[in-house]
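Report on one structure; see the data block that follows.
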Amino acid sequence: MNADPIARWFRWLEYCGFGGALERRRFAFVKDVAGARRVLVLGEGDGRFLAKLVEQNPQASIEYVDLSERMLQLARERAGTDRVTYRHNNAVTMRFPDSEYDLIVAHFFLDCLNEQDATTLIEKITKASQPGARWVISEFREPGAWARAIVSALYFFFRVTTGLRTRNLIDHCSLLARHGFILQREETERFGLLASELWTFGDNKFR
Numbered sequence: 070m071n072a073d074p075i076a077r078w079f080r081w082l083e084y085c086g087f088g089g090a091l092e093r094r095r096f097a098f099v100k101d102v103a104g105a106r107r108v109l110v111l112g113e114g115d116g117r118f119l120a121k122l123v124e125q126n127p128q129a130s131i132e133y134v135d136l137s138e139r140m141l142q143l144a145r146e147r148a149g150t151d152r153v154t155y156r157h158n159n160a161v162t163m164r165f166p167d168s169e170y171d172l173i174v175a176h177f178f179l180d181c182l183n184e185q186d187a188t189t190l191i192e193k194i195t196k197a198s199q200p201g202a203r204w205v206i207s208e209f210r211e212p213g214a215w216a217r218a219i220v221s222a223l224y225f226f227f228r229v230t231t232g233l234r235t236r237n238l239i240d241h242c243s244l245l246a247r248h249g250f251i252l253q254r255e256e257t258e259r260f261g262l263l264a265s266e267l268w269t270f271g272d273n274k275f276r
């Protein structure tokens, strides 16, 4: 999703719709991934999480990928630092080095992908992950009809404002599990509408 048309108002649109809930979901496990050295951040938004990640991981080298040039600019203004490489690219089609990352971050990103694109991306991330790599994810869920109505309204809004083509949430948990990722921890709020997840790659359990 190219969020350039709404980047200027992104933070305030988020607060109007969900207060601080989305921000809490992004930050849920940030302290649990201190010590990361090689990090891939996918479409994190305007850089609020990125700035916190930089602060808590002083040794990390971070790649931040976003299709929105304006979001990249906002993230750079907020997080700065020469330890972050900002890439204006489509994560689904770009190439990643093998066995490169020990931490992957995707906040409200997988919900922008259809099943085929998500599968392609997760296959690439699997090859690019070090053994024991952690993947932090924040996402919407649909625990009931009321949640499906909210998610449908959000898809309509982003379809009108950004041209997003995706219309439904995918089952990213099953995709991750099939590719060797293990769910170690999760938190939810808003009666299950919003979730934060911490996954690890391979048999190494998170400590």
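Adding 69 to a residue's 1-based position in the sequence shown gives its number in this note's numbering. Note that the Cβ used here is the ideal one computed from N, Cα and C, for glycine as well.
The DSSP assignment places complete beta strand (DSSP E) segments of no fewer than 3 residues inside the stretch 83-118 at 107-111, in order along the chain. Within the stretch 133-171, the runs of alpha helix (DSSP H) that reach at least 4 residues and sit entirely inside it are, in chain order, 138-148.
Scanning the stretch 198-237 from its first residue to its last, the whole beta strand (DSSP E) runs of 3-plus residues come out as 198-209. H248 and M163 have their C-alpha atoms some 19 Å from each other. Per DSSP, L245 is one residue of the alpha helix (DSSP H) stretching across H241 to R247. With 16 or more neighbouring CB atoms inside 10 Å of its own CB, Y224 falls in the buried class. Per the C-alpha coordinates, the member of R94, R236, D167 and S137 positioned closest to L262 is R94. Classified as exposed, N237 has fewer than 16 neighbouring CB atoms from the shown chains inside 10 Å of its CB.
Per DSSP, the beta-bridge partners of T269 are R203 and I251. Per the Cβ contact rule, the stretch 189-197 is not in contact with the stretch 127-137 (fewer than 3 Cβ pairs under 8 Å). In the DSSP assignment, V174 is bridged to V110 and V205.
Excluding sequence positions up to five before and after S168, its CB lies within less than 6 Å of the CB of Q199, all in the same chain and listed in chain order. By DSSP's assignment, L263 forms a beta bridge with F209 and E258. With fewer than 16 other beta carbons inside 10 angstroms of its own, D240 counts as exposed.
Rounded to the nearest angstrom, the Cβ distance from Y170 to L109 is 5 Å, consistent with a contact under 8 Å. For I131, the pairing in a beta bridge is given by DSSP as V108 and V153. Contact holds between the stretch 251-269 and the stretch 94-106, because three or more Cβ pairs, one in each stretch, are under 8 Å apart.
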